[in-house]
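A quick write-up on the structure given underneath.
Number of protein chains: 2
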Amino acid sequence: MINIAILGFGVVGSGVAEVISENSDSLSEKLSGEEICVKYILDKRSFPEHALGNRVTMDFDMILNDPEVIVVVETMGGSHPAYEFSKRALEAGKNVVTSNKEVVANFGTELLSIARENNVNYLFEASVGGGIPIIRPMWQCLAANKIESVTGILNGTTNFILTKMISEGMDFEEALKLAQSLGYAEANPAADIEGIDTCRKICILASLAFGKTVLPENVHCEGISDITLEDMTAAEALGYSIKLLGRAENTDDGIYVITAPFLVGYDNPMAGVNDVYNAITVCGNAVGDIMFYGKGAGKLPTASAVVADIVDIARECKKNIIWSFSKDNPVTDYRSAKTRFFVRTEDPRAKEYFPGCVFCDSENGEYAFITDEDKESRLSERLTGFSVISKIRVL
Amino acid sequence: MINIAILGFGVVGSGVAEVISENSDSLSEKLSGEEICVKYILDKRSFPEHALGNRVTMDFDMILNDPEVIVVVETMGGSHPAYEFSKRALEAGKNVVTSNKEVVANFGTELLSIARENNVNYLFEASVGGGIPIIRPMWQCLAANKIESVTGILNGTTNFILTKMISEGMDFEEALKLAQSLGYAEANPAADIEGIDTCRKICILASLAFGKTVLPENVHCEGISDITLEDMTAAEALGYSIKLLGRAENTDDGIYVITAPFLVGYDNPMAGVNDVYNAITVCGNAVGDIMFYGKGAGKLPTASAVVADIVDIARECKKNIIWSFSKDNPVTDYRSAKTRFFVRTEDPRAKEYFPGCVFCDSENGEYAFITDEDKESRLSERLTGFSVISKIRVL
Chain A
0 MINIAILGFG VVGSGVAEVI SENSDSLSEK LSGEEICVKY ILDKRSFPEH ALGNRVTMDF
60 DMILNDPEVI VVVETMGGSH PAYEFSKRAL EAGKNVVTSN KEVVANFGTE LLSIARENNV
120 NYLFEASVGG GIPIIRPMWQ CLAANKIESV TGILNGTTNF ILTKMISEGM DFEEALKLAQ
180 SLGYAEANPA ADIEGIDTCR KICILASLAF GKTVLPENVH CEGISDITLE DMTAAEALGY
240 SIKLLGRAEN TDDGIYVITA PFLVGYDNPM AGVNDVYNAI TVCGNAVGDI MFYGKGAGKL
300 PTASAVVADI VDIARECKKN IIWSFSKDNP VTDYRSAKTR FFVRTEDPRA KEYFPGCVFC
360 DSENGEYAFI TDEDKESRLS ERLTGFSVIS KIRVL
Chain B
0 MINIAILGFG VVGSGVAEVI SENSDSLSEK LSGEEICVKY ILDKRSFPEH ALGNRVTMDF
60 DMILNDPEVI VVVETMGGSH PAYEFSKRAL EAGKNVVTSN KEVVANFGTE LLSIARENNV
120 NYLFEASVGG GIPIIRPMWQ CLAANKIESV TGILNGTTNF ILTKMISEGM DFEEALKLAQ
180 SLGYAEANPA ADIEGIDTCR KICILASLAF GKTVLPENVH CEGISDITLE DMTAAEALGY
240 SIKLLGRAEN TDDGIYVITA PFLVGYDNPM AGVNDVYNAI TVCGNAVGDI MFYGKGAGKL
300 PTASAVVADI VDIARECKKN IIWSFSKDNP VTDYRSAKTR FFVRTEDPRA KEYFPGCVFC
360 DSENGEYAFI TDEDKESRLS ERLTGFSVIS KIRVL
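Protein chains in written order, with numbering that gives the first Met the number 0: chain A, 0 to 394; chain B, 0 to 394.
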């Protein structure tokens, strides 16, 4: 019997209970007859109608002091008290599995270190890409590779908004309202549309890929609220889709990490990733580009990843994921990295200043073009003085 | 020191040595300082110029009797003596890692059983999808799911041929010659174009997904040599791409497995998988559809998967993959499964017999349409008497 405690019985937490109950026979088969049992649910609310209603407690210490609890599942969301509870559980010698990207991105290094000291696991497959297997494959299946870059569409809400804008001609505000009415975006959508959620996730992936602690506070982050339908139409005419990306690249100068909207060429399979879907492309020096695609959020997909981590622990696959414990910031200044810009302008001098670029004229005297590749800071200088309508990086 | 022996120093075998040497520092980091050392290479040829030339032997028993050899890497190809060598290595208590889909598909059940008895691993990530992580993610990351179906573009050569046909208007023979001249197709391309390679791979995936032994001899297999440019053009007009798929589905009647060309709608991301790329979509009851995409073959991608398996063993992640050892054939009659057909015909009666279908007329009095869903055997009966030009299943 693998006894677990679920902290936070919201969407993901109740999904975990549902997957365990729904697939109990196939899970037990995979665990050579062992069963996963939800012994406690920590929540301030009570769930008298739920089959597991009698497992609900408000007393975290009861969980901590019960030696039968092998795994603590943290699905509370938010930094506090999720971080403190995770820390105390690990210190008490319990494995912790989480879907909480905020905690992993900001406190992952410390929690992984505590897990190692206590010879337990801190696993977080569900923190990036919902049910898409990405943490474990990067750590394990791509172990033979030096990872060169990781690029992802990591937030379903913003991808849904961008898809609706271009496919149905909506403007940003309309598309956001639709996302809210369908329950994809929250009433306060800032964490999604300002890129904060994407930024946390690319920090987790970058830390894992390059073995160093990449913190959100060190990463340049732009959202999609300034993207207009006109940008998308002009980008489309040039053969590109606009996507909010998290991108991390291992360079000679350090780790280049950014969260921002990017133009993605139609020949890149990420350009075709629409609606609430996520996709993550990992480039390894032996394997080349590998893409993982699927629903990046939702109750059961996310719960599926949490339960897979529980199964890993139950199978005693006790090899902890690690990344560096160094406190140095490995992130380079994004302005010193090379990039290209998609530019919309009404300024006719652009054609002289950026010769050789393919220009796309629109009816109202506007131009759109894609610059040559140059340091971002130098490109910004070169564009100084132009009346730029919009300026978006190109992948 | 993790000592390994490589059996067969061809494309994949030499790639394994290259990845180990090229990425030795990052591998050693992942193995807490341990190094992987190629102690023996078994081959009939000698490689005097190669840095590892002095490790070459023709004596398999020397490898078998050396207690320092922890992992035997089987990259020989073909069934014999690869099967016998793998078996003897496992019986001698050595872990075996392979890229050999022919051996895994036909003898996997037995070899996995021998591995378990001897408390060692038989790992085969490289046997399907080259460097794309798929075996381990299905086994581990999707462990919380009941897998409902697996569908894959599993052979790069045939996907290249189909891509060239539609994108450059080549006929099948022209595209095959191009694939051969680029080294993608072998002089005798039967295993690829007749679907045999795809069939082996879908058998491995089906066995793993459903926990039962699915053997190639029990699976209906069609290749792409009958697909014409006209088929592809008519399919395109209806909004579909033609792909050679391996497909396995868990049904109430047993496991439905087939290898055949299928029409894939443009709204399915698999329709956009072109050239030598592979993609595998797994549908789990919690996670929904997950797609894995990348180069399905090639020296370094395949070697990358082999080395990941070696790293797994070195990390002592000793949880063997298993599937059923029952000798019963779990595969249902593919003709009793429901499907739809894309049909090209000159027979005007088709419009009466298949009312409600969308017909696409071509200039020369031909029709193309997609039937309603019905048992395959019944659809074939319903089409008896029609002069059918071609008939392809629709995903």
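Using N, Cα and C, we set each Cβ at its ideal position, and we do this for glycine too.
Helix or strand or just coil, what does DSSP make of residue i?
| i | result |
| --- | --- |
| Val127/A | coil |
| Lys93/A | coil |
| Thr74/B | coil |
| Gly151/A | strand |
| Thr250/A | strand |
| Gly107/B | helix |
| Lys176/A | helix |
| Lys38/A | strand |
| Asp360/B | strand |
| Ala88/B | helix |
| Ala142/B | coil |
| Asn117/A | coil |
| Gly283/A | strand |
| Phe396/B | Summary: the structure shown does not reach residue 396/B, with chain B confined to residues 0 through 394, and so no result is reported for it. |
| Ala189/A | helix |
| Leu244/A | strand |
| Leu136/A | First, the residue type needs correcting, since residue 136/A is Pro and not Leu in the sequence shown. Correct three-state label for Pro136/A: helix. |
| Arg334/A | helix |
| Arg314/A | coil |
So residue i contacts chain B; which residues on that side make the cut at Cβ distance below 7 Å?
| i | result |
| --- | --- |
| Lys145/A | Asn22 and Ser25 |
| Glu34/A | Within 7 Å Cβ-Cβ: nothing; Glu34/A doesn't reach chain B, min ~14 Å. |
CB-CB under 6 Å to residue i, same chain, minus the five flanking residues each way: which ones, in chain order?
| i | result |
| --- | --- |
| Leu237/A | Cys359 |
| Ile134/A | Glu124 |
| Arg246/B | Thr150 and Ile257 |
| Asp252/B | Thr331 |
| Ala304/B | Glu124, Ala125 and Gly130 |
| Tyr333/A | His219 and Ile257 |
Mind listing the chain A neighbours of residue i? Cutoff is C-beta to C-beta under 7 Å, in chain order.
| i | result |
| --- | --- |
| Phe395/B | Any question about residue 395/B goes unanswered here, given that chain B covers just 0 to 394. |
| Ile131/B | Ile289 |
| Pro300/B | Ala285, Val286 and Gly287 |
| Lys294/B | Gly287 |
| Val18/B | Ala143 and Ala285 |
Starting from residue i, find everything on chain C with Cβ-Cβ shorter than 7 Å and list it in chain order.
| i | result |
| --- | --- |
| Asp332/B | Although the question refers to chain C, the structure presented lacks it and instead comprises the protein chains A and B. |
Grab me the residues of residue i's own chain with a C-beta within less than 8 Å of its C-beta, minus the 5 sequence neighbours each way, in chain order.
| i | result |
| --- | --- |
| Glu101/A | Gly76, Gly77, Ser78, Ala81 and Arg199 |
| Leu89/A | Val95, Leu110, Ile113, Ala114, Asn117, Val119 and Tyr121 |
| Ser386/A | Thr344, Glu345 and Asp346 |
| Glu147/B | Glu248, Asn249, Cys282, Gly283 and Asn284 |
From this set, the options, which residue's C-alpha is nearest residue i's C-alpha?
| i | options | result |
| --- | --- | --- |
| Lys163/A | Lys176/A, Val96/A and Ala349/A | Lys176/A |
| Ala50/A | Phe261/A, Gly151/A and Phe8/A | Phe8/A |
| Tyr352/B | Glu365/B, Tyr366/B, Lys374/B and Leu382/B | Leu382/B |
| Lys211/B | Asp311/B, Ser180/B, Ile254/B and Met169/B | Ile254/B |
| Arg343/A | Val15/A, Leu228/A and Gly295/A | Leu228/A |
| Asn267/B | Lys242/B, Asp251/B and Asn284/B | Lys242/B |
| Val37/A | Pro47/A, Ser31/A and Ile69/A | Ile69/A |
| Gly92/A | Ala104/A, Val103/A, Arg246/A and Pro66/A | Pro66/A |
| Ile226/B | Val256/B, Phe209/B, Asn217/B and Gly194/B | Gly194/B |
| Phe341/B | Asp251/B, Asp230/B and Tyr265/B | Asp230/B |
| Met0/B | Ile309/B, Phe46/B, Leu394/B and Ser389/B | Ile309/B |
| Glu453/A | Pro188/A, Asn363/A, Cys356/A and Val11/A | A query on residue 453/A cannot be resolved here, the shown segment of chain A reaching from 0 to 394 and no further. |
Looking only at its own chain, which residues have a Cβ that is under 7 Å from the Cβ of residue i, when we skip the five neighbours before and after it?
| i | result |
| --- | --- |
| Leu6/B | Leu41, Val71, Val72, Glu73, Thr74, Met75 and Phe84 |
| Lys86/B | Leu110 and Ile113 |
| Asp58/B | none |
Please list, in chain order, the chain A residues whose beta carbon lies closer than 8 Å to that of residue i.
| i | result |
| --- | --- |
| Ala307/B | Gln139, Cys140, Leu141, Ala142 and Ala143 |
| Gly283/B | Gly130 and Ser303 |
| Asp311/B | Gln139 and Ala142 |
| Pro136/B | Pro132, Arg135, Pro136 and Cys140 |
| Lys29/B | Ala142 |
Quick one: list the residues of chain B neighbouring residue i, beta-carbon separation under 8 Å, in chain order.
| i | result |
| --- | --- |
| Pro268/A | Pro268, Gly271, Val272 and Tyr292 |
Going along chain B in order, which residues have a C-beta closer than 9 Å to the C-beta of residue i?
| i | result |
| --- | --- |
| Glu116/A | Ordered by position in chain B, no residue passes the 9 Å Cβ test against Glu116/A, which lies about 15 Å from the chain. |
### Query
On the three-pair Cβ rule with 8 Å, is the segment 326-337 of chain B touching the segment 12-28 of chain B?
Not touching, per the Cβ criterion.
### Task
Say whether the segment 151-160 of chain A touches the segment 259-274 of chain A, bearing in mind that this needs 3 or more beta-carbon pairs closer than 8 Å, one atom from each stretch.
By the criterion of at least three beta-carbon pairs nearer than 8 Å, the segment 151-160 of chain A is in contact with the segment 259-274 of chain A.
### Query
Should the segment 308-316 of chain B be called in touch with the segment 108-116 of chain B, which here means at least 3 C-beta pairs below 8 Å?
By the Cβ test, the segment 308-316 of chain B is not in contact with the segment 108-116 of chain B, since fewer than three Cβ pairs between them sit closer than 8 Å.
### Query
Would the segment 49-65 of chain B and the segment 336-350 of chain B be scored as touching if the rule is three or more Cβ pairs under 8 Å?
Between the segment 49-65 of chain B and the segment 336-350 of chain B there are fewer than three C-beta pairs closer than 8 Å, too few to call the two in contact.
### Message
Below 8 Å, how does it come out for the segment 280-296 of chain B and the segment 289-306 of chain A: are there three or more Cβ pairs, yes or no?
### Response
Enough Cβ pairs lie closer than 8 Å, so yes.
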